[in-house]
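**Q** All letters in the sequence shown, in the order written, are residues 134 to 204 by our numbering. Quick reminder that beta carbons are idealized off the backbone N, C-alpha and C, glycines included.
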Amino acid sequence: MKHKSFFSRKSKGPVAKQAALFALTLVGSFAYSLYALRSKAKEQKRELKTQERQAKSLWEGEGGAPHPTAL
Numbered sequence: 134m135k136h137k138s139f140f141s142r143k144s145k146g147p148v149a150k151q152a153a154l155f156a157l158t159l160v161g162s163f164a165y166s167l168y169a170l171r172s173k174a175k176e177q178k179r180e181l182k183t184q185e186r187q188a189k190s191l192w193e194g195e196g197g198a199p200h201p202t203a204l
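#1: Quick check: what's the CA-CA separation for residue 189 versus residue 165?
#2: DSSP three-state label for residue 146, please.
#3: Out of curiosity, what's the CA-to-CA distance linking residue 185 and residue 175?
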């Protein structure tokens, strides 16, 4: 028996095709939003590390005392 794809079956109407495309669109948009949130979180973490590094160098540069978080 020859395999047929979901969209080429005669028993499926235009409503079923539309529902399938809508479901795929929802899944795709959900996956993209997860990706965007993850990349935004990575960027914020990178920025925070940079700020901590700058604060630490300023703190150690002024008085010679170690930074409180460096202990």
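**A** Here's the rundown:
#1: 36 Å
#2: coil
#3: 15 Å
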